[in-house]
Amino acid sequence: MSARILVVDDEQLYRHLLKVNLETEGYEVSAAKDGEEALEMVSSRHPDLVMLDVAMPKLDGFETCERIRQFSDVPVIMLTARGEEQDRVHGLNVGADDYVLKPFSATELVARVRAVLRRAKTTSQIIHKRYFSHLNLRIDFARAEVWKSDHPVYLSATEYRLLIQFAQHSGRILAAEELLSAVWGESYREDKEILWVSIARLRQKLEDDPHNPQHIVTRSGLGYMMPASEGVSSDEKGL
Amino acid sequence: MTTIPAPTRVFPPVDTNFLYLINKILSGVDNLHGALDALVPVIRPYFIFDNVVVFLIDPMTLNLDVAYARATGRGKSAEADVAWGEIIGSQVIESRQSILQEPQDPDETDRLRRPHTLGVPLISQTETLGAIIFIRFGSPQYTPEQIAFAEFLADQLAVVAARENLKSENRRLEFQYRTFQVQEDFISTLSHELRTPLGFIKGYTTTLLRTDASWDEQTKLEFLTIIDQETDRLQDLLSNLLDSAKLQSGQIMMDFQVVRLDALIKDVILRSRLHHPALVVEADVEEPIKNIQADPRRLAQILENLINNAVKYAPDSPVMVKIYSAPNGVITEVSDHGPGIPEKYQAKIFDRFFRVPESGSSVHGSGLGLFICKQIVQAHNGTIDLRSRVGEGATFRIFLPDRL
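Going down the list, the sequences are from chains S and L.
Residue 24 in the numbering used here sits at position 24 of the first sequence, with consecutive numbering throughout.
Residue 545 in the numbering used here sits at position 306 of the second sequence, with consecutive numbering throughout.
Written out as C-alpha cells, the structure is:
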C-alpha cells in the first residue's frame, strides 16, 4: 500500500507544489491549510507522514506539531525558512523528525520524504490515539478539550499539561519531582507546594468527590497516579 | 555636626493610626511631589520644621536637582536669603548617611540665622536617589526619635521616587520597543514577501527540472505560468521598495507637465484590464475636465495602484472611478463595494509597511503601495484620504491642484 502524506501549508501554491511532486512518487497526498485542520486530519485519516509549514497564522507549525505529539507518533517533517537556526532546533524539540528548508528543490524534497519514510515505522505501528478516557473523564488531544460525563471542563494551560502527564502514564506512579520538571520545568523540581495546589485544583474540577479522588490518587511517599482503567477508548468510538 | 541633645519641646509620640495614614497617602500617590504635598501638612504636628527640601539625582545626567521645596513656617518671608540645605544635600548623598547640622553661632539673635538642619539620604535598595533636608530656624533641636522618624519618612519617599524613576524608564523603553517593533515587523514582512515568491520559483523550476518525473504539456504550462507570475510579483515588490525609499528621501524628481486626466484614466483602465480581464470599471468623468499640472507617469502609477488594491481586496466588486472639478483643482475618487477598512486602521493605512491585520496571509502585499501613493500626491501638493465603512466598501479620494 502506498504511503499517505498530509501536507500542511497556508499558501495554496506550496500545497500544490508538494502535492504534485509527492504524487509522482506514488504517495497518496492530502492537504490542510492550517494547524487546526491538520490536527483534525491527522486524527481522522491517520497519515504515514505529515509535512508541516512553520509560519502559519493562528496555530503555527511548532504548536501543531506539539499537539500532534500528544496523540500520535506519526513522522513529521517541518518546512522552515532558511537561515532561522533556532526554528530548526525548536522544530526538533517539539517532536519533528526532520526539516526541509524553504526554498527547497523538488528533488531534495522527494529524497527527504523517502528517507524519513524508510526510517519510520510501517503504517500499522504508528500509534494514533486522539481520545483518552478514564472512568467518566475524557480527553480530546487534538482539540485539547476535557470532558467530564459529557460536560466540558475548563482547565488552565498548566492544569491541562499536568493532566496529560497522568493520562499518558496512566497506571504508573509519577514522583512529584518528575511531574514538576515535566510540567513546570527543571528549575521547579523541588517546588512541591505548587504541585500540591495544582493537584488540589485539578481534583476540584475533575473528581466527583475531591476528598475521595478516583482520577488522580495519592500514593503516599511515592507520588501520584491515575490508576489504569479498562476504559481506554479507541478512536473508533469517537465523541 | 554634633550629637543630638535632649529635647527642649515635647511632641506627642508617633501613634499607629498616624503611621497607617502615612502608608495610605504614600500608596495612593504616583509621584514624589504629590506625596510630599500630601505629607507635609500631616506630619507637622509630630515633626516640626520650617523649610523642607528634596534633592534628587537626575538618573540621566547624575546632577543634583531640587525636586521639592516648601517653606512652612519662619522661613516663609525670607525666601532665598535663608539656609536651604544646598551644601548638606550633596554631603548626605555622598556619605549615604543622615547628617545633623546645629547653628554655628548659638548666640545669634536672628532665628533665621540659627538653622538646625537635618539631612537624610533617600536610598531605595542600594541606589541613592537623593536627599531630604529639614530645616528649623531657632529651636527646638531634633530628638533621636524625630531623627528616626525622619529616616522612616525618607525610606518611604525613596520607594515613591524609585517607582517614579521606573515609570519614566518604562515609558522610555516602551517607546524604544515600539520603534524596534516597527523595524522588526518591516523585516519580517519583507523577508516573507521576498521569500514566498522565491520559494515558488525555486520549487516549480526544480519540479520541471526533475529527471525522475515527467509532466504533460498542460502541467508544464501551468508551472511556467506560476513561475512567470511569481517573478512579476518579485519585480513589483522590488520596484515598490526602491520607489518608496527614493520618495522617502526625496530623490525622485517629478516630471511635471500639462495632463489631461480623462485621457490618462482611460489608459490606466485599459492597462488594468490586461492584468485583470474580468475587471469591471465604471468611469464617471466630468466633461470637459480642466487640465492640471502633474507627472503623468506617477499619476498613472497611483491610479493603477488604487485599482489593483480594489481588485485584490474586493475581488467581486466593480470599481468606480469618478473625476470632477473642485475649486482650484480636480478630485479623483476610486471606490469599491468590498469589505471596507475598519475605522481603527484608517489613520495608519498610508503608513509605510502598514497592512490591515485582518487581510490575512492569503492576500499578498508589502504595505508599500498606499505609502507610495501618498508620497506622490504630496509631491503634487495634493491630498489623499480614505472614506470607508466596514461592509460598505472603500473610497480613496485624491485632490490635485490645477497649479502647483
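We put the CB at the ideal spot given by N, CA and C, even for glycine.
Since the structure is predicted, the reported quantities are computational estimates derived from the model, not experimental observations.
- Task: Mark Pro252 of chain L as exposed unless 16 or more other C-beta atoms lie within 10 angstroms of its C-beta, in which case mark it buried.
- Result: Translated into positions along the second sequence, residue 252 of chain L becomes position 13. So Pro252 of chain L counts as exposed.
- Query: Can you list, in chain order, the residues of its chain whose CB lies under 8 Å from that of Gln496 of chain L, leaving out five sequence neighbours each side?
  - Reply: Position 257 of the second sequence, counted from the start, is the residue given in the question as residue 496 of chain L. Closer than 8 Å at Cβ, skipping near neighbours: Gln532, Ala533, Asp534 and Pro535.
- Message: According to DSSP, simplified to helix, strand and coil, what is Arg45 of chain S?
- Response: In the first sequence, residue 45 of chain S corresponds to position 45, counting from 1. Looking at Arg45 of chain S - three-state DSSP - the assignment turns out to be helix.
- Measuring CA to CA, which of L:Pro345, L:Thr464 and L:Ser378 is closest to Asp289 of chain L? In the second sequence, the residue the question calls residue 289 of chain L occupies position 50. Among L:Pro345, L:Thr464 and L:Ser378, the Cα nearest to that of Asp289 of chain L belongs to L:Ser378.
- Message: Taking CB distances under 8 Å as the criterion, tell me whether Met607 of chain L reaches chain S.
- Response: Walking along the second sequence from the start, residue 607 of chain L turns up at place 368. The residue asked about is misnamed: residue 607 of chain L is Leu in this sequence, not Met. Chain S contact via Cβ: absent.
- Query: Which residues bound the alpha helix (DSSP H) around Ala522 of chain L?
  - Reply: Counting from one through the second sequence, the residue named residue 522 of chain L turns up at place 283. Ala522 of chain L -> not in any alpha helix (DSSP H); beta strand (DSSP E) instead, spanning Val520 to Val524.
- Which one or two residues does DSSP pair with Gln340 of chain L in a beta bridge? In the second sequence, residue 340 of chain L corresponds to position 101, counting from 1. DSSP lists L:Thr356 as partners of Gln340 of chain L.
- Hey, does Ser247 of chain S have any beta-carbon neighbour from chain L nearer than 8 Å? The requested residue 247 of chain S is not part of the displayed model; chain S covers only 1 to 239.
- Query: Do we get a CB-CB distance below 8 Å when we pair Phe593 of chain L with the residues of chain S?
  - Reply: On the second sequence, residue 593 of chain L is found 354 positions in, with the first residue counted as 1. The Cβ of Phe593 of chain L sits no closer than 8 Å to any Cβ of chain S.
- Task: Could you tell me if Pro360 of chain L is buried or exposed, where buried requires 16 or more neighbouring beta carbons within 10 angstroms of its beta carbon?
- Result: Working through the second sequence from its first residue, we reach residue 360 of chain L at position 121. The residue is buried, with at least 16 neighbouring Cβ atoms inside 10 Å.
- Tell me, which residues are paired with Ser627 of chain L by DSSP? To locate residue 627 of chain L, count along the second sequence from 1; it is residue 388. In the DSSP output, where bridge partners are listed per residue, Ser627 of chain L has L:Ala633.
- For Ser43 of chain S, which of S:Leu13, S:Val74 and S:Ala106 has the nearest alpha-carbon? As a working note, residue 43 of chain S is residue 43 in the first sequence. Looking at the Cα atoms, S:Val74 is the closest of the given residues.
- Buried or exposed: where does Glu108 of chain S fall if 16 or more other Cβ atoms within 10 Å of its Cβ makes it buried? For the purposes of this step, residue 108 of chain S is identified with residue 108 of the first sequence, where counting begins at 1. Around the beta carbon of Glu108 of chain S, a 10 Å sphere encloses fewer than 16 other beta carbons of the protein chains shown; the residue is thus reported as exposed.
- Delimiting residues of the beta strand (DSSP E) encompassing Phe610 of chain L: Taking the second sequence and counting its residues from 1, the one referred to as residue 610 of chain L is at position 371. Segment Gly608 to Ala618 is the alpha helix (DSSP H) holding Phe610 of chain L; no beta strand (DSSP E) there.
- Task: With DSSP as the reference, label His272 of chain L as helix, strand or coil.
- Result: Taking the second sequence and counting its residues from 1, one reaches residue 272 of chain L at position 33. Note: His272 of chain L maps to helix in three-state DSSP.
- Query: CA-CA distance, Ser2 of chain S and Gln214 of chain S?
  - Reply: Counted from its first residue, the first sequence places residue 2 of chain S at position 2. Counted from its first residue, the first sequence places residue 214 of chain S at position 214. Their Cα atoms are separated by approximately 44 Å.
- Task: Rank S:Leu222, S:Ala200 and S:Gly221 by C-alpha distance to the C-alpha of Asn212 of chain S and give the top, closest one.
- Result: The residue you call residue 212 of chain S lines up with position 212 of the first sequence. Measuring from the Cα of Asn212 of chain S, the nearest candidate turns out to be S:Ala200.
- Contact between the stretch 167 to 181 of chain S and the stretch 94 to 103 of chain S: three or more CB pairs below 8 Å? No contact exists between the stretch 167 to 181 of chain S and the stretch 94 to 103 of chain S.
- Query: Got a sec: is the Cβ-Cβ distance from Leu202 of chain S to anything in chain L below 8 Å?
  - Reply: By 1-based counting over the first sequence, the position of residue 202 of chain S is 202. No, Leu202 of chain S does not count as interfacial toward chain L.
- Message: With a threshold of 8 Å between beta-carbons, can Leu17 of chain S be considered close to chain L, or not?
- Response: Numbered from its first residue, the first sequence carries residue 17 of chain S at position 17. For Leu17 of chain S, the answer is yes, since a Cβ of chain L falls inside 8 Å of its Cβ.
- Message: With a threshold of 8 Å between beta-carbons, can Thr24 of chain S be considered close to chain L, or not?
- Response: Numbered from 1 along the first sequence, position 24 holds the residue referred to as residue 24 of chain S. Yes - at least one Cβ of chain L is within 8 Å of the one on Thr24 of chain S.
- Query: Taking the C-alpha atoms as reference points, what is the distance between Lys587 of chain L and Leu607 of chain L?
  - Reply: By one-based count along the second sequence, residue 587 of chain L stands at place 348. By one-based count along the second sequence, residue 607 of chain L stands at place 368. In a straight line, the C-alpha of Lys587 of chain L is about 12 Å away from that of Leu607 of chain L.
- Which bits of chain L does Glu11 of chain S rub up against, with CB to CB less than 7 Å? Taking the first sequence and counting its residues from 1, the one referred to as residue 11 of chain S is at position 11. Thr435, listed in chain order.
- Grab me the residues of Ala393 of chain L's own chain with a C-beta within less than 6 Å of its C-beta, minus the 5 sequence neighbours each way, in chain order. By 1-based counting over the second sequence, the position of residue 393 of chain L is 154. If we look at Ala393 of chain L and ignore the five residues flanking it on each side, its Cβ neighbours are Val359, Leu361 and Ile371.
- Task: Give me the Cβ distance between Ala142 of chain S and Arg130 of chain S, rounded to the nearest whole Å; I'm assuming they're in contact under 8 Å.
- Result: As a working mapping, residue 142 of chain S is identified with position 142 in the first sequence. As a working mapping, residue 130 of chain S is identified with position 130 in the first sequence. About 5 Å separates the two Cβ atoms, so the contact holds.
- Tell me, please, whether the CB atom of Lys58 of chain S is closer than 8 Å to any CB atom in chain L? Here the question's residue 58 of chain S lines up with position 58 in the first sequence. Residue-level contact check: Lys58 of chain S does not touch chain L, since none of the beta carbons of chain L fall below 8 Å from its beta carbon.
- Contact under 8 Å by Cβ, Gly35 of chain S with Thr64 of chain S: Looking up residue 35 of chain S in the first sequence gives position 35. Looking up residue 64 of chain S in the first sequence gives position 64. Result yes, Cβ atoms of Gly35 of chain S and Thr64 of chain S sit closer than 8 Å.
- Task: Measure the alpha-carbon distance for Leu179 of chain S versus Leu195 of chain S and round it to whole angstroms.
- Result: Residue 179 of chain S sits at position 179 when you count from the first residue of the first sequence. Residue 195 of chain S sits at position 195 when you count from the first residue of the first sequence. Answer to the nearest angstrom: the Cα atoms are 8 Å apart.
- For the beta strand (DSSP E) holding Asn290 of chain L, just list the boundary residues, first then last. Taking the first residue of the second sequence as 1, we reach residue 290 of chain L at position 51. Start and end: Asn290 to Ile296.
- Message: Excluding the 5 residues flanking Asp304 of chain L on each side, which residues of the same chain have their C-beta closer than 6 Å to its C-beta?
- Response: Here residue 304 of chain L refers to the residue found at position 65 of the second sequence. The residues are Leu295 and Asp297.
- Where Thr107 of chain S meets chain L, residues with beta-carbon distance less than 7 Å: One-based indexing of the first sequence puts residue 107 of chain S at position 107. Contact note: Thr107 of chain S reaches chain L through Thr445 and Arg449, using a C-beta cutoff of 7 Å and chain order.
- Message: Using a 10 Å radius around the Cβ and a threshold of 16 neighbouring Cβ atoms, would you call Leu357 of chain L buried or exposed?
- Response: In the second sequence, residue 357 of chain L corresponds to position 118, counting from 1. It counts as buried.
- Between Asp269 of chain L and Ala306 of chain L, what straight-line distance do the alpha-carbon atoms span, to the nearest angstrom? Indexing the second sequence from 1 puts residue 269 of chain L at position 30. Indexing the second sequence from 1 puts residue 306 of chain L at position 67. So the two alpha carbons sit approximately 14 Å from each other.
- Message: Quick check on this structure: which residue in S:Asn21, S:Lys33 and S:Arg119 has the alpha carbon closest to the alpha carbon of Ala452 of chain L?
- Response: By 1-based counting over the second sequence, the position of residue 452 of chain L is 213. Nearest of S:Asn21, S:Lys33 and S:Arg119 to Ala452 of chain L, Cα basis: S:Asn21.
- Item | Partner residues on chain S for Ala533 of chain L, Cβ-Cβ distance less than 8 Å | Counting from 1 along the second sequence, the entry for residue 533 of chain L is found at position 294. Result: empty, since nearest Cβ-Cβ is about 38 Å, beyond 8 Å.
- Query: What's the gap between the Cα of Pro152 of chain S and the Cα of Glu37 of chain S?
  - Reply: Numbered from its first residue, the first sequence carries residue 152 of chain S at position 152. Numbered from its first residue, the first sequence carries residue 37 of chain S at position 37. For Pro152 of chain S and Glu37 of chain S, the distance between alpha carbons rounds to 21 Å.
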